[in-house]
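J.: In the working numbering, the protein residues as written are 8 to 129.
Below is a structure I'd like to ask you about.
Written as structure tokens, this is what we have:
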């Protein structure tokens, strides 16, 4: 399963997002695409992904654009954000799937929950 994981570039995403997710899911069938690892067309990656995840704790125009693409391509959208973050209301028009977390471990567990319980509908 291909998962695009959009995020702001204004935090230490390599250590706070990429490494924990890669380590936690290293032996799984899930293939995460992180936009800052390779400089390629994120619109095309979004189009070819099965799921769209975004981290909304830090505001980002790029995340908003990529989330709009995911919506246009009818991709299931899942939003994660740290406790205390105010999520822009525009995201409420794109999904009902919001997950807040306090720690990296809690984020990983919520991602696992989504992946375990998600069912594709056609």
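Just so it is clear, CB atoms sit at the ideal spot from N, CA and C, and this is done for glycine as well.
Here the structure is a predicted model, which means the values were calculated and not measured.
(1) Give me the Cα-Cα distance between residue 16 and residue 122, rounded to the nearest whole angstrom.
(2) Within 8 Å, do at least three Cβ pairs link the segment 77-87 to the segment 99-110?
(3) Around the Cβ of residue 73, are there at least 16 other Cβ atoms within 10 angstroms (buried) or fewer (exposed)?
(4) Within this structure, are the beta carbons of residue 59 and residue 77 separated by less than 7 Å?
(5) Among 36, 42, 8 and 32, whose alpha-carbon lies nearest the alpha-carbon of residue 20?
(6) Tell me which residues share the same chain as residue 90 and place their Cβ nearer than 6 Å to its Cβ, disregarding the 5 neighbours each side in the sequence.
(7) Hey, how far is the Cα of residue 66 from the Cα of residue 96?
(8) So residue 116 is in the alpha helix (DSSP H); what residue range does that whole segment cover?
T.: Reading from the atomic positions:
(1) Each residue's CA atom was taken as its position, placing residue 16 and residue 122 some 24 Å apart.
(2) yes
(3) buried
(4) yes
(5) 42
(6) 107 and 109
(7) 12 Å
(8) 111-124
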